[in-house]
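Single-structure report; data block below.
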Amino acid sequence: MTQVATLPDPVEEVAAPRGRSGAGAWALWLARRLGLAVLTLWLVSILVYVATAALGDPVRAILGRDYASNPGRVAQLEAQLNSDQPLVQRYFSWLGGLLTGDPGTSLANQQPVGELISANVVNTLVLVLLSAVVMIPVAFLVAMVSSHFRRRRPDAVIQTVLLALAGLPEFVIGVLLVALLSTTVFQVLPAVTLTGFGGRPWDSPESMVLPVLTLVLAVAPYVSRIVRSTLLDVLDSDYVELARLKGIPEPVVMRKHALLNAIVPGVQVIALQLAWLAGGVVVVETLFSYPGVGLQLVDSVRNHDVPMVQALSMIIAAVYVVVNLVADVLSILLTPRARTAISS
Amino acid sequence: MSAVEETPGSTPAGAAQRGPAPSPGFWTRARRQPRFVFGLVVTVLVVVFAVVAPFFAPFGENETAGAPFSPDGVFGTDYLGQDVLSRLMYGGEAILLISVLGTLLGMVLGVLIGVVAAYGGGWWDEVIMRLNDVTLAFPQILLALVVLTAVEQPTAWIIVLLVGVSHAPRVARVSRGVALGIVSRDFVVAAEALGERRSRVILAEVLPNMSTPLLAEAGLRLTYSIGLVAALGFLGFSADPGSANWGQMIQENRLALSTQPWAVLAPVAVIAVFTIATNLMADGLAQLAQRGE
Numbered sequence: 001m002t003q004v005a006t007l008p009d010p011v012e013e014v015a016a017p018r019g020r021s022g023a024g025a026w027a028l029w030l031a032r033r034l035g036l037a038v039l040t041l042w043l044v045s046i047l048v049y050v051a052t053a054a055l056g057d058p059v060r061a062i063l064g065r066d067y068a069s070n071p072g073r074v075a076q077l078e079a080q081l082n083s084d085q086p087l088v089q090r091y092f093s094w095l096g097g098l099l100t101g102d103p104g105t106s107l108a109n110q111q112p113v114g115e116l117i118s119a120n121v122v123n124t125l126v127l128v129l130l131s132a133v134v135m136i137p138v139a140f141l142v143a144m145v146s147s148h149f150r151r152r153r154p155d156a157v158i159q160t161v162l163l164a165l166a167g168l169p170e171f172v173i174g175v176l177l178v179a180l181l182s183t184t185v186f187q188v189l190p191a192v193t194l195t196g197f198g199g200r201p202w203d204s205p206e207s208m209v210l211p212v213l214t215l216v217l218a219v220a221p222y223v224s225r226i227v228r229s230t231l232l233d234v235l236d237s238d239y240v241e242l243a244r245l246k247g248i249p250e251p252v253v254m255r256k257h258a259l260l261n262a263i264v265p266g267v268q269v270i271a272l273q274l275a276w277l278a279g280g281v282v283v284v285e286t287l288f289s290y291p292g293v294g295l296q297l298v299d300s301v302r303n304h305d306v307p308m309v310q311a312l313s314m315i316i317a318a319v320y321v322v323v324n325l326v327a328d329v330l331s332i333l334l335t336p337r338a339r340t341a342i343s344s
Numbered sequence: 001m002s003a004v005e006e007t008p009g010s011t012p013a014g015a016a017q018r019g020p021a022p023s024p025g026f027w028t029r030a031r032r033q034p035r036f037v038f039g040l041v042v043t044v045l046v047v048v049f050a051v052v053a054p055f056f057a058p059f060g061e062n063e064t065a066g067a068p069f070s071p072d073g074v075f076g077t078d079y080l081g082q083d084v085l086s087r088l089m090y091g092g093e094a095i096l097l098i099s100v101l102g103t104l105l106g107m108v109l110g111v112l113i114g115v116v117a118a119y120g121g122g123w124w125d126e127v128i129m130r131l132n133d134v135t136l137a138f139p140q141i142l143l144a145l146v147v148l149t150a151v152e153q154p155t156a157w158i159i160v161l162l163v164g165v166s167h168a169p170r171v172a173r174v175s176r177g178v179a180l181g182i183v184s185r186d187f188v189v190a191a192e193a194l195g196e197r198r199s200r201v202i203l204a205e206v207l208p209n210m211s212t213p214l215l216a217e218a219g220l221r222l223t224y225s226i227g228l229v230a231a232l233g234f235l236g237f238s239a240d241p242g243s244a245n246w247g248q249m250i251q252e253n254r255l256a257l258s259t260q261p262w263a264v265l266a267p268v269a270v271i272a273v274f275t276i277a278t279n280l281m282a283d284g285l286a287q288l289a290q291r292g293e
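Protein chains in written order, with my numbering: chain A, 1 to 344; chain B, 1 to 293.
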């Protein structure tokens with residue numbers, strides 16, 4: 001899960017280069033951010049490799065009790081994992097394979113990892129994007145309603161409900177929704193995603209409702225709380241007071257003055273939450289048997305399928321890094337102050 | 001002049017007293033926070049339930065009480081015919097203990113990293129926090145899963161370690177932010193001018209003044225710890241597969257949600273109540289910390 005308290009100030013991150021043309025400064029800033037993203041991913045790859053290959057003994061974990069009695073299988077697995085080579089050499093050949101699009105072969109069913117993963121990556125991206133598309137307007141709407149009633153009873157009630165929701169783990173929300181909508185109270189929605197061979201989860205759209213709803217409920221409270229507190233700051237400011245005194249109706253004040261100013265913090269918290277979704281899907285996909293990377297990751301961890309886990313966790317980390325990069329660029333573009341700080 | 005010369009004479013204790021006292025009337029202020037009071041009371045109730053209930057359980061932890069998924073007893077029986085109420089009573093202790101220990105470990109590690117970065121400043125700060133950002137690129141549950149890949153059967157200590165280590169970078173970020181506002185204050189500079197050792201300056205001057213924001217962070221981390229430990233149990237990774245565990249109970253009885261919902265809903269409800277309570281408590285503390293400054 002993420003914290004909401006520490007949103008980075010986009011302006012602070014920027015080292016304003018002086019004496020260059022605007023476009024050049026932009027290119028330099030973008031290159032620096034890209035470099036940082038690549039560096040982050042490289043360090044993450046070391047972390048992933050060391051955690052999976054060096055901390056424990058995967059061969060022993062895969063074979064369990066058979067380890068002592070089945071030396072042939074041990075030798076076979078060790079050959080597949082190249083256990084005789086030094087760790088550094090193994091790491092670099094793995095990294096080379098990853099960069100050239102060959103992340104290895106699954107230990108569990110001896111198929112190329114790339115083939116096994118590709119369909120699930122698409123499924124997960126659809127799930128996350130769909131959740132984001134539903135979540136963003138809902139979160140902003142709740143924030144607007146709440147700040148409209150600021151410091152009165154409806155606001156207090158909404159804030160308490162949001163706070164309670166924010167504390168709930170996602171599988172608790174999911175199980176409660178299943179009990180409410182598909183098994184115990186009402187039986188209107190399927191509790192699991194059923195896909196035939198080669199089928200896609202959205203072939204039966206009703207089975208996507210519960211996973212999306214769970215993710216939305218898990219993430220929207222954070223976004224809504226941040227947007228509300230930004231809205232409150234703006235609504236209490238002098239220039240909004242002036243706009244009101246000029247006789248501009250309250251809905252217009254909300255739309256034109258308050259909401260525009262809440263977009264930048266909104267973009268940042270949405271990015272944080274989308275990045276969190278990359279991890280949150282692990283539990284939600286398992287709960288609903290949704291065929292995405294999260295379910296695949298849990299299965300692979302259970303099977304101690306090292307190459308699969310490595311590739312899947314690199315994908316999730318990459319999504320996180322890319323989402324953060326996009327959010328940084330967006331919030332710079334949307335903040336005039338920061339925009340001029342770079343190009344001047 | 002003499003006044004200035006007397007200041008060093010009043011020893012380090014004098015320097016410490018000049019800083020804002022860590023919690024003057026902390027409890028008085030806290031008691032007026034309905035969120036904090038409610039959260040604390042419910043949290044304590046759940047902890048007491050988890051610790052005391054095993055002594056009153058009608059059945060043993062692994063004792064068969066009837067047919068699988070039968071409605072006998074308060075909450076019926078589970079997939080092996082064990083009494084759900086008894087499992088619920090036994091299943092809290094391990095989860096709470098692991099969560100609390102993991103939170104403590106994460107807080108200690110994180111505060112250490114954050115304060116050293118803030119106090120060290122400059123080059124140290126840059127390197128430590130950049131490396132910290134790398135670990136932040138890892139969703140918490142992912143870190144746990146990656147390590148569990150190469151482990152045959154996780155022990156309780158491995159889970160404590162994983163929870164703690166995955167919290168540390170997040171705590172470090174918050175505590176660095178809090179510490180940055182303190183290390184430049186006069187009483188810290190004064191202690192340094194007196195020739196205090198740096199470790200002592202951190203322990204005696206900086207840390208005591210961070211207590212309320214850190215408590216709020218600890219409350220938040222506890223909420224997430226419970227979620228994480230229960231989620232790992234739910235995914236089937238727990239230290240002791242046979243024993244009762246709120247997260248694992250959901251996993252074990254999930255398929256019978258339509259026929260025997262209590263076997264799933266009872267542990268879900270306890271986890272929900274507990275995480276809501278700790279979150280309310282943390283939020284109350286955060287508001288106190290904001291006002292205290």
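Where a beta carbon is used, it is the ideal one built from N, C-alpha and C, also for glycine. Since the model is a prediction, treat every value here as computed from it, not as a measurement.
Rounded separation between residue i and residue j - CA only
| i | j | result |
| --- | --- | --- |
| A:V267 | A:S146 | 19 Å |
| B:D72 | B:G66 | 7 Å |
| A:D388 | A:L130 | Outside the displayed range of chain A (1 to 344) lies residue 388 of chain A, so it cannot be described from this structure. |
| A:G174 | A:V284 | 7 Å |
| B:G195 | B:A204 | 14 Å |
| A:M314 | A:S45 | 7 Å |
| A:I136 | B:A277 | 27 Å |
| B:Y119 | A:A68 | 52 Å |
| A:G104 | B:A137 | 23 Å |
| A:Q302 | B:T149 | Checking the sequence shown, residue 302 of chain A turns out to be Arg, not Gln. Between A:R302 and B:T149, the C-alpha separation is close to 7 Å. |
| A:L98 | A:Q111 | 16 Å |
| A:P265 | A:V321 | 18 Å |
| B:R87 | B:T259 | 19 Å |
| A:L330 | A:P336 | 11 Å |
| A:R339 | A:A258 | 20 Å |
| B:I113 | B:A172 | 6 Å |
| A:S118 | B:L228 | 28 Å |
| B:E61 | B:R35 | 35 Å |
| A:E250 | A:L231 | 13 Å |
| A:V240 | A:P154 | 23 Å |
| A:L36 | A:I62 | 36 Å |
| B:M281 | B:G219 | 7 Å |
Under 8 Å from the C-beta of residue i: neighbouring residues of chain B
| i | result |
| --- | --- |
| A:T184 | L257, S258, P261, L265 |
| A:G64 | E152 |
8 Å Cβ cutoff met for residue i and residue j
| i | j | result |
| --- | --- | --- |
| A:N347 | A:P307 | Given that chain A is displayed from residue 1 to residue 344, the structure contains no residue 347 of chain A and the question cannot be resolved. |
| B:A117 | B:T212 | no |
| A:A327 | A:A243 | no |
| B:G91 | B:P208 | no |
| B:I294 | B:N245 | The structure shown does not extend to residue 294 of chain B, since chain B is modelled only from 1 through 293, so no value can be given for it. |
| B:V270 | B:V46 | yes |
| B:E217 | B:V174 | yes |
| B:L85 | B:A144 | no |
| A:L312 | A:L297 | yes |
| A:A143 | A:V227 | yes |
| A:A317 | A:L41 | yes |
| A:R33 | A:L325 | yes |
| A:V128 | B:V146 | no |
| A:V74 | A:V88 | no |
Neighbour list for residue i in chain A, Cβ cutoff strictly below 8 Å
| i | result |
| --- | --- |
| B:F69 | Under the 8 Å cutoff, chain A gives no residues; its nearest Cβ is about 13 Å from B:F69. |
| B:T275 | G167, L168, P169, V172 |
Residue i beta carbon near the ligand NAP (any heavy atom closer than 7 Å)
| i | result |
| --- | --- |
| B:V134 | The ligand NAP is absent from the structure shown, which contains no ligand whatsoever. |
Chain B residues whose Cβ lies nearer than 9 Å to that of residue i
| i | result |
| --- | --- |
| A:T105 | Neighbours of A:T105 on chain B: none; closest Cβ ~16 Å, over 9 Å. |
| A:R152 | Chain B residues near A:R152: none, gap ~17 Å exceeds 9 Å. |
| A:V306 | T149, A150 |
Under 9 Å by beta carbon: chain A residues contacting residue i
| i | result |
| --- | --- |
| B:L235 | F171, V282, V283, T286, V298, V301, R302 |
| B:D133 | L36, T40 |
Beta-carbon separation (whole angstroms), residue i vs residue j, contact threshold 8 Å
| i | j | result |
| --- | --- | --- |
| B:L257 | A:T214 | About 15 Å; that fails the 8 Å criterion. |
| B:A191 | B:V201 | 5 Å |
| B:S70 | B:L222 | So it is not a contact: roughly 36 Å between Cβ atoms. |
Neighbour list for residue i in chain A, Cβ cutoff strictly below 7 Å
| i | result |
| --- | --- |
| B:A65 | Neighbours of B:A65 on chain A: none; closest Cβ ~22 Å, over 7 Å. |
The region 208 to 228 of chain A in contact with the region 155 to 170 of chain A per 3-pair CB rule at 8 Å
With the cut-off at 8 Å, the region 208 to 228 of chain A and the region 155 to 170 of chain A touch.
Do the region 246 to 264 of chain A and the region 140 to 160 of chain A make contact, defined as three or more Cβ pairs closer than 8 Å?
The count of Cβ pairs closer than 8 Å, one atom from the region 246 to 264 of chain A and one from the region 140 to 160 of chain A, reaches three, so the stretches are in contact.
When the Cβ atoms of the region 100 to 115 of chain B are set against those of the region 165 to 172 of chain B, are three or more pairs found closer than 8 Å?
Yes: at least three Cβ pairs fall under 8 Å.
Between the region 179 to 193 of chain A and the region 220 to 236 of chain A, can you find at least three pairs of beta-carbon atoms closer than 8 Å?
Contact between the region 220 to 236 of chain A and the region 179 to 193 of chain A is absent, because fewer than three Cβ pairs lie under 8 Å.
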